[in-house]
Structure formats: C-alpha cells, structure tokens
Amino acid sequence: MYTFKSLAYYLTILSIILISLLFNNWDGFVLAIPLIAIVAFSLSYPLPREVKLEVKRRVEPIYTIKGETVEVEVVVSNRDSTRYIVRYEDQVPGKAVVEEGYNSGYLVLKPDESKKIKYTLRIEERGHYSVGPLNVKIVDPLELRFIEDDLGGEVEVAVFPEFEKIPWFKIFSEYTGVWPGEIHSRKSGQGYDFYGVREYVCGDEFKRINWSATAKWGRLMSNEYESEKVTDVLLIVDASGEEVIGVYLKDVIEFEVSIAASLALTYLKHGDRVGLVAHGRHRAWIKPAFGKNQFFKILHCLADLHEGSSMPLKFMVGTITPYILKPKAEVVIISPLLEKEIIDLVRELLAMDYKVLVLSPNPYSLITGKEYRNAVRVLSLKREILKLQLLKYCLVVDWDPRLPFKQVVKYLKTMRLRMSR
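Per the numbering used here, the sequence shown starts with residue 1161, numbered consecutively.
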C-alpha cells in the first residue's frame, strides 16, 4: 500500500514538471531530478508479500490495583530472509499512561534478529483492559509504501479497586452453617462461651466437669459451650443516583467499591461465605462462597461497576436474594442514600427474615463549591430525613468518605456491642 507521503512526493514532482512546461523553463527539471532519484531508490527497496515477524508478549502483573504500574515486554523476531524496516505501535488502553519507555517507534531487523520493546503503564481507573496487539508496518526507507499487520494478540489486565485490612466486627446473622467459625450458633458444641450444664457422658473431657454442680446434684455434671460456626453475608453495592449529583457520584462509587472489597476480605478471612450484588450501569451478582477464588470473583465484579441504573434496585435485589441467601443471614447495603426506594428494599429484606446493615458514604461532603452551597444544604436535609426513616428498621452508619474506614469500623463495633446487650 502507498502512504500519503508518497502522494505528496508524486504531486511535488508533477507540479515542478508542469510549471516548467507552462513557463517553458527547463531549469525546473533540475530541481525534480533529486526528488525523482530519491523516490526511485525508495521504490526499488523490496517489500515482502506477507509479514514474517514473530511477536511474544509478557505483561506483569495481569492483576493489579488502581494506580499501580504494569510492566510490558514485547519481543519481535524477524523470520524472513530479508531485512525489515519496522514501524510499530503497541495498542494500549485509552485510560492508561505510558510512564517509562515507548510503545511506538521504529526497528531495523536483520534476518533471524530479535529485539525487545519495554515500557511501563499506569492505569488510574478500575476495569478490565486489553494490552495489544502490536500493529507493525514494514516500510521502505522513505515510508512511501508499507505492508501492515497486527501481531501478538491481546493480554487482558484487570485493575481492581483499592482495599485494606480492617478489624472484624460482630455480625448479627442468626443463620450459621456446619463449618467452625466465629458466629455464635445458639447450639451446644465446640466453643468458648458457657451454654449450660448437663449430666456427664463417657468421653467428656476432664476439664469440662463442673465440680460445683457435681457436689450439688451428687453425680458428675459437665459444662456445655456454645458452638461457633460460619455464616453467610451478602454485600449490596448501589451505584445509582447519577441524576441527583451527576459527576460527583463517580468519586462516591470509588469509596463504595473499596469498602465492599475490604469487607469481603475481612469476612472471607474469618471463614464466612460472602456474596455480592452490584447494582449500576451493568447489573451482576455472585452467590456466597468461601476462599481466595471467591475474593477474586468479587474484585472482578467490582472492577466493572460504574455509575448508572439498568433497573430498580428493589426489583433486582428482591428477585435475586431469596435464591442465593438463606433466611436469617446478614445483608450489608452500601449506598449513598440518594433514592427513596432504599426504604422499600430494607422493608422487603426484613420481611424475608434477613438482618440488614446500611453503610452510607455521604456524597455531599465531597461537593465543596460555593455555587452549590444552597443546593447541597437542601439535598443533605432530604438525605437526612431518608436516613432517619431507615433508622426505624435497621442500623445506618453515615460518615464522611474522606475519613479512614477503620474509624467507621470502630464506631460500628461500639454500636453493635451496645445493641447486643
């Protein structure tokens, strides 16, 4: 194929010749001779019929946290018998910034020669991105002609939200599974909290004998302890409300997904099963499960959560929850509390016999412009009324998202300790 550069050369030569003929001045041909010689030399350079390059790509890491760097290394090898002049450009996401090195440039490859391309990317937004393919053009010395191909394929890079280790706090779930955990099951078994006294049974440990009760009843009596089991927790992340605060919702969602990831990590580390319902531009849900793979599923889902609403939150959660979560388990709703339907959702979850906790980062604390002062006051009052209505049904934790979430956890632990008394 021919480039626009070749067209410019041809038009320049043709213009010189035409002007010389028009003015009957043959001196102009002298100016055209060097250009003709250069173009002839470039056109005589042989180009292959097909691109015989081998491209190998290495991207590390393919799982990263928002704001961290990704190292990309591409090895290009010439498998042809002729020399290649290669113009390359490695395709990178539009939201990525090349911090070190270059993802585009030129290479001169002799037969069977290999060269490396190295650069570093930084991606500041959550999501799944593709790095590659490598667009190569085999060109002549003046780039008048080229043969193009895309090689090396794509490598997907997952950019997860930021998360932190937070202290575990008491869960009010009354549903417990069969596996040992840290939730009181209200049944006797292996545990540390006293449950009751019963008659000694052959095989009981000697340290479980209650000597006071034995002396009182005249026969051996043993202590019983309340067993501690795992439970199920469902995290609901609400990314709706764009029509209320517009672009400011994007920052609120970053706090929400970070909190959800931190809570999921904490619950899973303590052996609980964790599920997720993501309500945003695209809806998604994950059934409660254990382990590291479950945490990665949750991170992948949170990485793709963006502001918007594809359907009402109440309809989505009310339809999915009974199929993935057993009654008496705990539901944690993370929402900016910008829409009234959250009240109907909480009522419906309580009617299904779930324990509900609402965590709400205050979106209006992020709007500091003086021109919005009156609007923020009115909307904050409206949100405060909504929060007071919710407090009739469940515990609501409202805080400034600019504060560390660990402070919120300390407050939550204190509140739950008071409620358990």
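Heads up, the beta-carbon is just placed ideally off N, CA and C, and yes, glycines get one too.
Closest by C-alpha distance to residue i, when choosing among the options
i	options	result
E1220	E1210, E1233 and E1214	E1233
F1455	L1267, V1246 and F1323	F1323
I1173	N1184, P1194 and M1161	P1194
D1310	G1254, Y1248 and K1255	Y1248
P1494	E1231, G1292 and V1417	The amino acid at residue 1494 is misidentified as Pro; the sequence shows Ile. Of the candidates E1231, G1292 and V1417, the one whose C-alpha sits nearest the C-alpha of I1494 is V1417.
I1283	V1296, A1318 and R1533	A1318
L1436	I1458, E1402 and L1423	I1458
K1570	T1242, R1239 and P1327	P1327
F1519	W1559, N1295 and E1501	Note that residue 1519 is Leu in the sequence shown here, rather than Phe. That would be W1559, whose Cα lies nearest to the Cα of L1519.
V1538	K1452, L1498, Y1514 and V1258	L1498
V1257	I1413, T1229, K1278 and T1224	T1229
K1275	E1214, T1528, R1209 and Y1205	E1214
I1536	R1441, G1363, P1523 and I1545	The sequence given here places Val at residue 1536; Ile does not occur at that position. The residue with the shortest Cα to Cα distance from V1536 is P1523.
R1543	E1501, V1568 and V1252	E1501
E1403	R1441, L1546 and R1379	R1441
R1209	L1526, N1295, E1231 and T1242	T1242
G1378	E1359, G1363 and L1394	E1359
R1168	I1196, E1231, R1218 and L1541	Note that residue 1168 is Ala in the sequence shown, not Arg. When only C-alpha atoms are compared, the closest one is I1196.
E1285	F1183, I1413, N1184 and A1200	I1413
Contact under 8 Å by Cβ, residue i with residue j
i	j	result
T1586	L1509	The structure shown does not extend to residue 1586, since the chain is modelled only from 1161 to 1581, so the question has no answer here.
I1198	L1302	yes
V1236	L1267	yes
H1288	A1463	yes
N1263	D1272	no
P1487	M1471	no
F1306	V1299	yes
V1361	L1423	no
L1550	V1556	yes
G1265	G1292	no
P1321	K1226	yes
L1304	S1469	no
H1466	A1420	no
G1254	K1278	no
Sequence-distant residues of the same chain with beta carbon closer than 6 Å to residue i, five excluded per side
i	result
L1428	V1434 and F1455
Y1609	Residue numbering for the chain in the displayed model covers 1161 to 1581; residue 1609 lies beyond these limits and cannot be assessed.
T1479	none
K1212	R1239 and D1240
K1216	V1235
P1131	Given that the chain is displayed from residue 1161 to residue 1581, the structure contains no residue 1131 and the question cannot be resolved.
I1484	G1435 and K1447
Y1223	A1318
S1525	D1560
N1295	E1249 and D1310
V1405	Note that residue 1405 is Ile in the sequence shown here, rather than Val. So the qualifying residues of the chain are P1523.
Neighbourhood of residue i by C-beta distance below 7 Å, restricted to the same chain and skipping five residues each side
i	result
A1444	A1438 and C1461
V1477	I1396, V1437 and L1505
Y1335	In this predicted model, Y1335 has a pLDDT of only 49, less than 50, meaning its place in the structure is not dependable enough to derive any value.
I1446	G1435, L1436, K1457, I1458 and C1461
G1401	L1409, P1496, L1498 and E1499
T1528	none
L1171	none
K1474	E1501, D1504, L1505 and E1508
S1175	none
Y1532	none
Sequence-distant residues of the same chain with beta carbon closer than 8 Å to residue i, five excluded per side
i	result
K1650	Since the displayed the chain opens at 1161 and closes at 1581, residue 1650 lies outside it and no answer follows.
M1161	R1305, F1306, I1307 and E1308
S1290	Q1251, P1253, E1314, V1315, E1316 and V1317
K1547	L1497, S1520, V1556 and D1558
M1381	V1357, R1358, E1359, Y1360, I1369, N1370, A1373 and T1374
K1530	none
Any non-hydrogen atom of the ligand GDP within 7 Å of residue i CB
i	result
E1308	Questions concerning the ligand GDP fall outside what the structure shown contains, since it holds no ligand whatsoever.
Taking three-plus beta-carbon pairs below 8 Å as touching, is the stretch 1409-1426 in contact with the stretch 1361-1380? no
Fully enclosed by the stretch 1378-1438, which beta strand (DSSP E) runs are 3 residues long or longer? 1381-1389 and 1392-1398
If we require 4 or more residues per run, which alpha helix (DSSP H) segments fall completely within the stretch 1459-1542? 1473-1484 and 1501-1511
Can you list the beta strand (DSSP E) stretches of 3 or more residues lying completely in the stretch 1216-1303, in chain order? 1223-1225, 1229-1238, 1244-1250, 1256-1261, 1264-1269, 1274-1283, 1287-1291 and 1294-1299
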